[in-house]
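What follows is a single structure, written as structure tokens, with notes after it.
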Amino acid sequence: MTEAINIPNIKLEEKAINRSVFVVEPFFPGYGTTIGNALRRVLLSSLPGAAVIAVKINGVDHEFSPVPGVKEDAVQIILNLKKLRFKLHEEGPVTLKLKVSKSGVVKASHITLPSSVELMNPDIEIAHVSDAKAGLAMEIQVDKGRGYMPSSEMDDKNFSISTIAVDASFSPVQKVAFTVEPTRVGEVVNYDKLTIDILTDGTITPEEALKQSAQILVDQLGIFGATPSEITVEPKADKVAEGDAKDFDIEEINLSVRTANALKNNGIKKVGDILSIDPAELQELKGLGAKALDEITSKLNELGLKFKKSREGK
1 MTEAINIPNI
11 KLEEKAINRS
21 VFVVEPFFPG
31 YGTTIGNALR
41 RVLLSSLPGA
51 AVIAVKINGV
61 DHEFSPVPGV
71 KEDAVQIILN
81 LKKLRFKLHE
91 EGPVTLKLKV
101 SKSGVVKASH
111 ITLPSSVELM
121 NPDIEIAHVS
131 DAKAGLAMEI
141 QVDKGRGYMP
151 SSEMDDKNFS
161 ISTIAVDASF
171 SPVQKVAFTV
181 EPTRVGEVVN
191 YDKLTIDILT
201 DGTITPEEAL
211 KQSAQILVDQ
221 LGIFGATPSE
231 ITVEPKADKV
241 AEGDAKDFDI
251 EEINLSVRTA
261 NALKNNGIKK
271 VGDILSIDPA
281 ELQELKGLGA
291 KALDEITSKL
301 NELGLKFKKS
311 REGK
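UniProt numbering applies: residue 1 is where the sequence shown begins, and numbers increase by one.
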């Protein structure tokens with residue numbers, strides 16, 4: 001009798017501020033690790049969030065500049081800004097302003113926020129002003145996104161002069177850990193018990209994070225349940241134009257490693273180089289032979305190409 005794959009149960013085992021521990025069991029043997037890995041990857045990489053993407057600091061031209069009247073340099077200030085966690089209730093980017101005209105500690109709470117923006121950690125220290133006359137003023141851009149985006153990929157944001165792009169980590173999930181232990185079902189003792197520990201930044205609850213990540217996986221896997229009539233069949237591509245194919249590197253036409261290496265060792269790097277050689281001469285090159293020539297001829301035929309002088313004419 002075929003054993004049914006039952007749907008497991010989930011329960012909340014622990015709950016604290018921004019942290020929850022979930023236990024899911026019983027999973028069919030092996031499923032705990034498979035599903036735990038998939039959920040962890042999605043939780044850390046694919047949930048939407050908001051982060052600082054750029055900053056413009058008065059008196060600073062680039063990220064390695066000192067900041068007048070401030071203890072920290074621009075790099076240290078940027079590192080502190082990256083710790084800020086925001087919740088946007090509108091489409092970004094949103095420009096926030098910070099202006100302090102007295103000496104002392106500058107915290108995230110000094111940032112002026114519109115009603116559409118929530119700051120989850122206002123106690124983060126951004127800088128220390130040592131010269132009240134100089135003060136500190138900056139414009140901070142916050143935007144929505146998923147996963148991680150390095151500053152080098154933000155060139156299309158059209159930032160103004162002296163605006164410094166910031167590496168942005170949008171994920172609202174700060175940490176995910178899971179364990180898989182054996183659990184008993186009747187007389188069977190090798191079922192899986194999956195325990196997932198999720199810590200978020202406060203912009204989303206662990207429960208909502210788990211729900212969203214599971215839905216992403218369901219949506220992605222749903223295509224595999226399509227009926228044959230719903231599956232799109234791509235038309236077979238036409239053969240590559242002869243002129244284009246001649247410019248292909250040897251590695252691009254999927255020859256065996258031995259044949260490809262033999263061609264390169266003989267100074268033949270392009271498909272066009274092969275076509276310029278008589279097949280009889282090609283067969284005599286070091287490392288090649290009749291079998292390699294058959295393989296090369298077959299690949300050329302797939303590309304719609306052939307030797308200028310046929311093998312029969314040698």
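Just so you know, even glycine gets a beta-carbon here, dropped at the ideal spot from N, CA and C.
ask   = Would you call glycine 287 buried or exposed, if buried means 16 or more other Cβ atoms sit within 10 Å of its Cβ?
value = Glycine 287 counts as exposed, since fewer than 16 other C-beta atoms from the protein chains shown sit within 10 angstroms of its C-beta.
Continuous beta strand (DSSP E) stretch holding aspartate 197: start and end = Aspartate 197 -> beta strand (DSSP E) spans 188-200.
key: Coarse secondary structure for leucine 43, derived from DSSP in three states   = Three-state result, leucine 43: helix.
key: Buried versus exposed, by CB contacts within 10 Å (16 or more), glycine 32   = Around the CB of glycine 32, 16 or more other CB atoms lie within 10 Å, so the residue is classed as buried.
ask   = Excluding sequence positions up to five away, which residues of its chain have a Cβ less than 6 Å from the Cβ of serine 131?
value = Checking the sequence shown, residue 131 turns out to be aspartate, not serine. For aspartate 131, where only same-chain residues beyond five positions count, the Cβ hits under 6 Å are Gly69.
ask   = Does DSSP classify glutamate 252 as helix, strand or coil?
value = The answer is helix: DSSP assigns glutamate 252 an H, G or I state.
key: Nearest-angstrom Cα separation, counted from histidine 128 out to valine 60   = About 16 Å.
query = Terminal residues of the continuous beta strand (DSSP E) containing leucine 98?
reply = Leucine 98 -> beta strand (DSSP E) spans 94-100.
message = Can you give me the C-alpha to C-alpha distance between alanine 209 and threonine 203, rounded to a whole angstrom?
response = Near 10 Å, if we compare the C-alpha coordinates of threonine 203 and alanine 209.
ask   = When we look at the beta-carbon of alanine 51 and count the other beta-carbons within 10 Å, is it buried (16 or more) or exposed?
value = Answer is buried; the Cβ neighbour count reaches 16.
query = Skipping 5 residues on each side, what residues in its chain have a beta carbon closer than 8 Å to that of residue 317?
reply = What is shown of the chain runs 1 to 314, which leaves residue 317 out entirely.
query = With which residues is isoleucine 140 paired in a DSSP beta bridge?
reply = Isoleucine 140 is bridged to Val55 and Leu96.
ask   = Among Phe307, Gln220, Leu300 and Met154, which one has its Cα closest to the Cα of valine 42?
value = Taking only the C-alpha atoms, the option nearest valine 42 is Gln220.
ask   = What's the call for phenylalanine 224, buried or exposed, on a 16-neighbour Cβ count within 10 Å?
value = Of the residues assessed, phenylalanine 224 falls on the exposed side of the cut-off, its CB having fewer than 16 other CB atoms within 10 angstroms.
query = Between leucine 275 and phenylalanine 248, is the Cβ-Cβ spacing less than 8 Å?
reply = Between leucine 275 and phenylalanine 248, the C-beta gap is not smaller than 8 Å, which leaves the two residues out of contact.
query = Could you give the residue range of the alpha helix (DSSP H) that holds glutamate 302?
reply = Following the DSSP letters along the chain, one finds glutamate 302 inside the alpha helix (DSSP H) bounded by residues 290-302.
task = Report the three-state DSSP secondary structure of serine 276 (helix, strand or coil).
result = If DSSP states are grouped into helix, strand and coil, serine 276 belongs with coil.
inquiry  = If you reduce the DSSP assignment to three classes, tell me which class asparagine 80 lands in.
reply    = In the structure shown, asparagine 80 falls within a helical segment according to DSSP collapsed to helix, strand and coil.
In DSSP terms, what serine 169 is bridged to = Beta-bridge partners assigned by DSSP to serine 169: Tyr148.
task = Can you give me the Cβ contacts of proline 10 inside the same chain, cut-off strictly under 8 Å, excluding the 5 residues immediately before and after it?
result = The sequence given here places isoleucine at residue 10; proline does not occur at that position. Taken in chain order, the residues that qualify are Phe22, Val23 and Val24.
message = For isoleucine 140 and valine 218, what's the separation of their Cα atoms in angstroms?
response = Whole-angstrom Cα-Cα distance: 36 Å.
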